[in-house]
Amino acid sequence: MTVREAAFAVFAHFGVDRLFGNPGSTELPMLKGLPFPYVQGLNEAVVLGMADGFARASGRAALVNLHSAAGTGHALGNLFTAWKNNAPVVVTAGQQARSILPFDPFLFAERPTEFPRPYVKFAVEPARAADVPLALIRAFATALTPPMGPVFVSIPVDDWDRECEMPALPELSLRTDAPAAGLQRLAAMLQAASKPALVLGTGVANAGGWGAAITLAERSGAAVWAAPYAAREVFSEDHPQFAGFLDAWRDRIRTALAPHDAILVVGAPVFTYHVEGSGPHWPQGAQLALLSDDPQHLAALPGGLGVLGDPAAGMAALAGMIEQRPHTGTPRAIAAPEPAMSAAHVLSRIAALRPAQAVIVEEAPTARGPMHDQLPITRPGGFYTCASGGLGHGLPAAVGVALASRDKVIAILGDGAAMYAIQGLYAARNEGANVAFCILNNGAYAALTGFSGEFGMNHVPGCDLTCIDFVRLAEAQGLPARAVYSVNTLDEALAWAFHAEGPTLLDLRIA
27 MTVREAAFAV FAHFGVDRLF GNPGSTELPM LKGLPFPYVQ GLNEAVVLGM ADGFARASGR
87 AALVNLHSAA GTGHALGNLF TAWKNNAPVV VTAGQQARSI LPFDPFLFAE RPTEFPRPYV
147 KFAVEPARAA DVPLALIRAF ATALTPPMGP VFVSIPVDDW DRECEMPALP ELSLRTDAPA
207 AGLQRLAAML QAASKPALVL GTGVANAGGW GAAITLAERS GAAVWAAPYA AREVFSEDHP
267 QFAGFLDAWR DRIRTALAPH DAILVVGAPV FTYHVEGSGP HWPQGAQLAL LSDDPQHLAA
327 LPGGLGVLGD PAAGMAALAG MIEQRPHTGT PRAIAAPEPA MSAAHVLSRI AALRPAQAVI
387 VEEAPTARGP MHDQLPITRP GGFYTCASGG LGHGLPAAVG VALASRDKVI AILGDGAAMY
447 AIQGLYAARN EGANVAFCIL NNGAYAALTG FSGEFGMNHV PGCDLTCIDF VRLAEAQGLP
507 ARAVYSVNTL DEALAWAFHA EGPTLLDLRI A
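Whatever position you read off the sequence shown (first residue = 1), add 26 for this note's numbering.
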């Protein structure tokens, strides 16, 4: 068979049912006879963001096709985010024909496997055309092995029509249970504590650990915190044992966790920080342990006990190893905001009016605090955000999440963040993605101006974003859109967007 036929068999084996791409010359032969739909993005950053959202929401590897050096370069920002998100994305990139590679041809990648590193788990340009199918099998297996992440395969343009043998297709079981001895030590720590705490991170959601986390919390009586910058839903935020969100500051983490004498971190590092700090990483006198399927989390552990293993299975096992006891903490209480065109009030109305099973995709750094307060996530698979801190991921990721979900997707985006990948609206329209894009428009890179005080600054240049008309930007790409300036029209506009079929955009002018 040809390399193309073998590759299509590999894709089918790993459940691929669409290809995300922006076509270029060096990958055109891959598209001949494509057996599934092609999801077009208007640039490679949009393509990678859509694939990331689709992979995380579907739990399957997403397949992306990019042009050689320039196209891969356009995608690198969101490839970095896919790395931080642990998104199983398989990237294939075109390369010039092997026969002219020694002559520095036009549109070739000189060192293709080095370009995306270190933000891929595996990168290869096979030595022979006949090795392409085997390279693809290894790429899928690597992408899906916890901790999951993106991989990269560079394929010369003339490989696709060459003959090869079809390699054997493996059946893989990729999750690893934690060792019994390690779980016993974790259980003993929780059992001996009078005020235990669970700190849950993105790895809990990636492992499907929502139910196991609730069971363990209710069994142990632990208070539950979300780890700093958790990029997925980790626990029901209206649960009486949910304590809140840890800030990415060392001293604030110690203060928040001070009441606890035992702290079990699951599926997150200890800890993610945004600014430098000093002193202990957790309260003195408290025991700390970590359960994660990411060896790097354990390698960077600044003391305490580390156990390597699947977070969901590990928490389920722990729940069966400890005695039932009540939670003695106080439920988290959040005051309702005053009616105004503020981020807090707008988010509270989104929470009140959203469809029951709506999925939230967020990239609005300035509004992250109000979102945690006013928009509780109460379902598994209900929240996705960007773990890298880079912009330009949320808008296309919302399209990818919608393609993997039957539920309404609500994309909460800052105006600055939305402009990084505004072309993603075109893909949303093309695909009929059921997304309500809600732009929290404050006319600035307000996250930067707000953070500037950490560095003793009272002015940050280049942050003014006034005069961008998101309604016209959306309509130019085929989406119905409305601007909202007043609380008097807010509820009606939100109801319109949430109950529409297909994509819509709201330009929400907040103070």
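Glycine residues also receive a C-beta, built at the ideal position from the N, C-alpha and C atoms.
When we look at the beta-carbon of residue i and count the other beta-carbons within 10 Å, is it buried (16 or more) or exposed?
i       : result
His-93  : buried
Val-301 : exposed
Ala-113 : buried
Gln-503 : buried
His-286 : buried
Gln-122 : buried
Arg-154 : exposed
Met-27  : exposed
Asp-130 : exposed
Phe-132 : exposed
Arg-375 : buried
Gly-332 : buried
Arg-498 : exposed
Ser-246 : buried
Ala-218 : exposed
Pro-357 : exposed
Glu-197 : exposed
Asp-264 : exposed
Thr-411 : buried
Ser-262 : buried
Arg-278 : exposed
Can you give the beta carbon distance from residue i to residue j, rounded, assuming they're within the 8 Å contact cut?
i       : j       : result
Phe-178 : Val-117 : 5 Å
Pro-515 : Gly-440 : What sits at residue 515 in the sequence shown is Thr, not Pro. Going by Cβ atoms, the distance from Thr-515 to Gly-440 rounds to 21 Å, so no, they are not a contact pair.
Thr-202 : Gly-416 : Not really, about 30 Å apart at Cβ, beyond 8 Å.
Gly-329 : Leu-314 : 7 Å
Leu-379 : Asp-517 : 6 Å
Glu-53  : Gly-120 : 3 Å
Ala-253 : Phe-297 : 7 Å
Ala-83  : Val-427 : 4 Å
Val-73  : Gly-41  : About 19 Å; that fails the 8 Å criterion.
Ala-274 : Tyr-299 : 5 Å
Comparing C-alpha positions only, which one of the options sits nearest to residue i?
i       : options                               : result
Gln-400 : Ala-370, Pro-391 and Gly-408          : Ala-370
Ala-345 : Gly-330, Gln-210 and Ala-459          : Gln-210
Ala-238 : Met-341, Thr-404 and Val-42           : Met-341
Val-513 : Arg-535, Phe-148 and Thr-530          : Arg-535
Pro-142 : Trp-275, Asn-104, Leu-272 and Leu-162 : Asn-104
Met-192 : Pro-159, Pro-266 and Leu-272          : Pro-159
Ala-32  : Ala-88, Val-230, Leu-195 and Leu-54   : Leu-195
Gly-67  : Leu-451, Leu-532, Leu-127 and Tyr-511 : Leu-451
Ala-454 : Gly-442, Glu-501 and Cys-412          : Glu-501
Ala-462 : Pro-381, Ala-213 and Pro-365          : Pro-381
Ile-181 : Val-90, Leu-373 and Gly-227           : Val-90
Leu-170 : Leu-200, Ala-156, Asn-111 and Ile-289 : Leu-200
Leu-224 : Asn-232, Ala-206, Gly-234 and Glu-244 : Glu-244
Cys-464 : Pro-396, Glu-388, Ala-288 and Ile-348 : Glu-388
Asp-157 : Trp-186, Tyr-64, Val-230 and Pro-144  : Trp-186
Gly-267 : Ile-163, Gly-303, Ala-149 and His-353 : Reading off the sequence shown, one finds Gln at residue 267, where the question assumed Gly. Comparing Cα-Cα distances from Gln-267 to each of Ile-163, Gly-303, Ala-149 and His-353, the minimum goes to His-353.
Val-510 : Asn-468, His-525 and Ala-87           : Asn-468
Gly-175 : Phe-80, Gln-350, Lys-147 and Val-36   : Lys-147
Taking only three categories from DSSP, how would you classify residue i?
i       : result
Leu-474 : Reliability of the predicted coordinates at Leu-474 is poor, the pLDDT of 49 falling under 50, and the value obtained from them is presented with this limitation in mind. Leu-474 falls in the helix class under three-state DSSP.
Pro-295 : coil
Tyr-145 : coil
Tyr-64  : strand
Ala-462 : strand
Asn-69  : coil
Ile-126 : helix
Leu-334 : strand
Thr-28  : strand
Gly-340 : helix
Asn-456 : helix
Arg-498 : helix
Leu-327 : coil
Thr-281 : helix
Ala-182 : Here the sequence assigns Pro to residue 182, which means Ala is not the residue at that position. Strand.
Thr-171 : coil
Gln-449 : coil
Gln-313 : strand
Is the shortest distance between the beta-carbon of residue i and the beta-carbons of chain C less than 8 Å?
i       : result
Gly-311 : The structure shown contains no chain C; it holds only a single protein chain.
Looking at residue i and the ligand FAD, is the gap between the Cβ and the nearest heavy atom below 7 Å?
i       : result
Pro-142 : No copy of the ligand FAD appears in this structure; indeed no ligand is present at all.
>> Threshold first: 3 residues or longer. Then list the beta strand (DSSP E) segments lying entirely within the segment 396-443, N to C.
In response: 409-411 and 435-440
>> Threshold first: 4 residues or longer. Then list the alpha helix (DSSP H) segments lying entirely within the segment 190-277, N to C.
In response: 206-218, 228-232 and 236-246
> Fully enclosed by the segment 346-390, which alpha helix (DSSP H) runs are 4 residues long or longer?
Replying inline: 369-379
>> For a minimum of 4 consecutive residues, which ranges assigned as the alpha helix (DSSP H) are wholly contained in the segment 73-141?
In response: 95-111
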